[in-house]
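Colleague:
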Amino acid sequence: MTITPRERVLVALAHRQPDVTPWQIDLTIDAHNQTAAYLGDPDFYSKLGNHLVGAEDGYFVEVRPNFWQDQFGIVWNRTIDKDIGNVHEYLIKEPDITTYQFPEPDLERNAKTWQGLVDDYPDRFRFGGIGFSMFERAWTLRGMENLLCDMVLHPRFVDDLLDKILEFNLKVLDQVVQYDLDCIRFGDDWGQQNGLIMGPKLWRRFIKPRVAIMYQKAKDAGKYVMQHSCGAIQELFPDLIDMGLDIFNTFQPEVMDVEFIKREYGHHLSFYGGISTQQVLPRVSPAEVKRIVRQMIETIGKDGGYIVAPTHGIPRDVPPENIVAFAEAVQNQ
Numbered sequence: 000m001t002i003t004p005r006e007r008v009l010v011a012l013a014h015r016q017p018d019v020t021p022w023q024i025d026l027t028i029d030a031h032n033q034t035a036a037y038l039g040d041p042d043f044y045s046k047l048g049n050h051l052v053g054a055e056d057g058y059f060v061e062v063r064p065n066f067w068q069d070q071f072g073i074v075w076n077r078t079i080d081k082d083i084g085n086v087h088e089y090l091i092k093e094p095d096i097t098t099y100q101f102p103e104p105d106l107e108r109n110a111k112t113w114q115g116l117v118d119d120y121p122d123r124f125r126f127g128g129i130g131f132s133m134f135e136r137a138w139t140l141r142g143m144e145n146l147l148c149d150m151v152l153h154p155r156f157v158d159d160l161l162d163k164i165l166e167f168n169l170k171v172l173d174q175v176v177q178y179d180l181d182c183i184r185f186g187d188d189w190g191q192q193n194g195l196i197m198g199p200k201l202w203r204r205f206i207k208p209r210v211a212i213m214y215q216k217a218k219d220a221g222k223y224v225m226q227h228s229c230g231a232i233q234e235l236f237p238d239l240i241d242m243g244l245d246i247f248n249t250f251q252p253e254v255m256d257v258e259f260i261k262r263e264y265g266h267h268l269s270f271y272g273g274i275s276t277q278q279v280l281p282r283v284s285p286a287e288v289k290r291i292v293r294q295m296i297e298t299i300g301k302d303g304g305y306i307v308a309p310t311h312g313i314p315r316d317v318p319p320e321n322i323v324a325f326a327e328a329v330q331n332q
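So, in C-alpha cells, the structure goes:
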C-alpha cells in the first residue's frame, strides 16, 4: 500500500522512522520565478512532492504599486522584498492603546480558506496558521525599538496591546480548529543570530503566558502545534515543550547545534527545517547541497521527528541549480 505524504508526516511526528523522511521546499517569489525560468517549466513547483500545505489568517490588498495593506491597516513596502516587505508606517505612535482601533478577523474569508485546504489536499499534512501571532504583530504596529522600550518603561501598555492581539487570535482559533486540519501553525520571530531579541525574562513575562493560551486552544481541539521562529531561541525549548509544542521550525544550523538539539529534545519535539538558507544553499555547489541534505536526513531524520526543509522560504540569492539539487536529494532517498 502506498503511503501518502500526510501519513508519512504523521509517522515522523509520532517519532517513528517513516519509509523516507518527509520534505517541504518553499520558495520566495523571486526564487520561484528564477527556477521556473531555469527549468523552462512554470509548473515545476507542483512536482516537488511537498508534504505540507497550509494557509494563514488574513489577507493583503495592494493599495498602490508594490505597497500592500494587511487587515490590521499596516502598509507593507514590497518594492524590494516581494514576499513580506517592510512596514511603511507604524500605526501606534504613542504607548496608548486607545489611539488604535483593532479590526475583527475576516471569518468568512478564512472559512473559505480552511475548507479549501480540506477539499483540495486530502493527502497532504494540512495546517491553518496565524502569522505575526504575538510579538511580531505588536512590533509591526508599534515599532520594534519602541516596543522593546515599552516592555521596560510602559509594561501596562504592552500588556494591553498583547491582550488585544490575543483576543483577536482567539477568535481566529475558535474557527480554524473546527476544520479537518492536522496542525495549527504560529509564526512569531523571537530570535536573532545570538539569542532572543527581548531576552528570556521579558519573553517569559509578556509572550509566554499568551502563547500558552493559544497553544492550549489548539491542543484541546486535538491539533498538533507548530511554532515558527527564526533565530537562536533554543533556551526556550524547555518552556515550549511544557506549553505543548509539537513541531519547531526553522531549526537553523548556523545558530544552534542541531545534532545536540535532536538528542536533547528530540523525544518531545519534531524539527522542521535544518537546511541553511544563509550558509549552505546560496554558497555551496549542487553536489554539496545533496551531501548536506542526505546527512541531515541520516542524522536528524533517524527515528523520525524530522521534516527536511530549508530554514526559510528559499531566497533569491540561491542558484536554481541548488534548488534542483535539493529536490533531487529528497526525492531520491
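Numbering (numbering that gives the first Met the number 0), first residue to last: 0 to 332.
Every residue, glycine too, gets a C-beta built ideally from N, C-alpha and C.
#1: Near D25, what residues of its chain come up, given a Cβ to Cβ distance below 6 Å and the 5 sequence neighbours on each side ignored?
#2: On the premise that R184 lies in contact with M225, defined as a C-beta separation below 8 Å, what is that separation, rounded to the nearest angstrom?
#3: Leaving out five residues on either side along the sequence, give the residues of the same chain with a beta carbon under 6 Å from the beta carbon of Q68.
#4: Excluding five sequence neighbours on each side, which residues of the same chain lie with their C-beta closer than 6 Å to the C-beta of D159?
#5: So, with DSSP's three-state summary, where would you put R293?
#6: Determine which residues share a DSSP beta bridge with A308 and list them.
#7: How about V10 and P4: do their beta carbons lie closer than 7 Å?
#8: Would DSSP call A54 helix, strand or coil?
#9: When you compare only the Cα positions, how much space is there between P199 and P154?
#10: Using alpha carbons as the reference points, say which of P94, G272, A54, Q233 lies closest to G115.
#11: Is it buried or exposed for H266, if we count other Cβ within 10 angstroms and need 16 for buried?
#12: Going by DSSP in three states, Q330 sits in which element: helix, strand or coil?
#13: Might you give, ordered along the chain, the residues of its own chain that have their beta carbon closer than 7 Å to the beta carbon of I196, omitting 5 neighbours on each side?
#14: Kindly list the residues whose CB is nearer than 7 Å to the CB of V292, restricted to its own chain and excluding five residues on each side of it in sequence; keep chain order.
#15: Is the distance from the Cβ of L172 to the Cβ of K216 below 7 Å?
#16: With a threshold of 6 Å (Cβ to nearest heavy atom), would G243 be considered close to the ligand ADP?
#17: Which of helix, strand or coil does DSSP assign to H31?
#18: Based on the DSSP output, what are the partners of L195 in its beta bridges?
#19: Output the residue ranges of the beta strand (DSSP E) runs that lie fully inside the segment 116-142 and measure 3 residues or longer, sorted by chain position.
#20: Note down, in chain order, each residue of its chain lying with its Cβ closer than 7 Å to the Cβ of E88, except the 5 sequence neighbours on either side.
#21: Whole-angstrom Cβ separation of T276 and T298, contact assumed at under 8 Å?
#22: How would you call D42, buried or exposed, if buried means at least 16 neighbouring beta carbons within 10 angstroms?
Modeller: In this structure, then:
#1: Counted from its first residue, the sequence shown places residue 25 at position 26. Correct list, in chain order: G312.
#2: Walking along the sequence shown from the start, residue 225 turns up at place 226. Walking along the sequence shown from the start, residue 184 turns up at place 185. Rounded, the Cβ-Cβ distance is 4 Å, consistent with contact.
#3: Counting from one through the sequence shown, the residue named residue 68 turns up at place 69. The residues are V60, V62, V74.
#4: For the purposes of this step, residue 159 is taken as residue 160 along the sequence shown, with counting starting at 1. Only I96 meet the Cβ criterion.
#5: Counted from its first residue, the sequence shown places residue 293 at position 294. It is helical.
#6: The sequence position of residue 308 within the sequence shown is 309, counting from 1. According to DSSP, A308 bridges with G273.
#7: As a working mapping, residue 10 is identified with position 11 in the sequence shown. As a working mapping, residue 4 is identified with position 5 in the sequence shown. Cβ atoms of V10 and P4: not closer than 7 Å.
#8: Within the sequence shown, the letter at position 55 stands for residue 54. The answer is strand: DSSP assigns A54 an E or B state.
#9: Within the sequence shown, residue 199 is the residue found at index 200, counting from 1. Within the sequence shown, residue 154 is the residue found at index 155, counting from 1. Those two C-alpha atoms are separated by around 16 Å.
#10: In the sequence shown, residue 115 corresponds to position 116, counting from 1. Here the closest residue by C-alpha is A54.
#11: Counting from 1 along the sequence shown, the entry for residue 266 is found at position 267. Exposed: under 16 other Cβ atoms inside 10 Å.
#12: As a first step, residue 330 is located in the sequence shown; it is residue number 331 there, counting from the start. Of the three classes helix, strand and coil, the one that applies to Q330 here is helix, per DSSP.
#13: The sequence position of residue 196 within the sequence shown is 197, counting from 1. So the list reads W189, G190, once near-sequence residues are dropped.
#14: For the purposes of this step, residue 292 is identified with residue 293 of the sequence shown, where counting begins at 1. So the list reads I274, V307, F325, A328, V329, once near-sequence residues are dropped.
#15: Here residue 172 corresponds to residue number 173 of the sequence shown, with the count starting at 1. Here residue 216 corresponds to residue number 217 of the sequence shown, with the count starting at 1. A contact, by the Cβ cut-off of 7 Å.
#16: Ligands displayed in this structure: none; no statement on the ligand ADP is therefore possible.
#17: Against the sequence shown, residue 31 aligns to sequence position 32. Correct three-state label for H31: helix.
#18: Along the sequence shown, one-based indexing puts residue 195 at 196. Paired residues: G190.
#19: 124-129
#20: Here residue 88 refers to the residue found at position 89 when the sequence shown is read from its first residue. Taken in chain order, the residues that qualify are V74.
#21: Locating residue 276 in the sequence shown gives position 277, where the first residue counts as 1. Locating residue 298 in the sequence shown gives position 299, where the first residue counts as 1. Not confirmed; about 19 Å, so no contact.
#22: As a first step, residue 42 is located in the sequence shown; it is residue number 43 there, counting from the start. Classification of D42: exposed, given that the 10 Å Cβ count is below 16.
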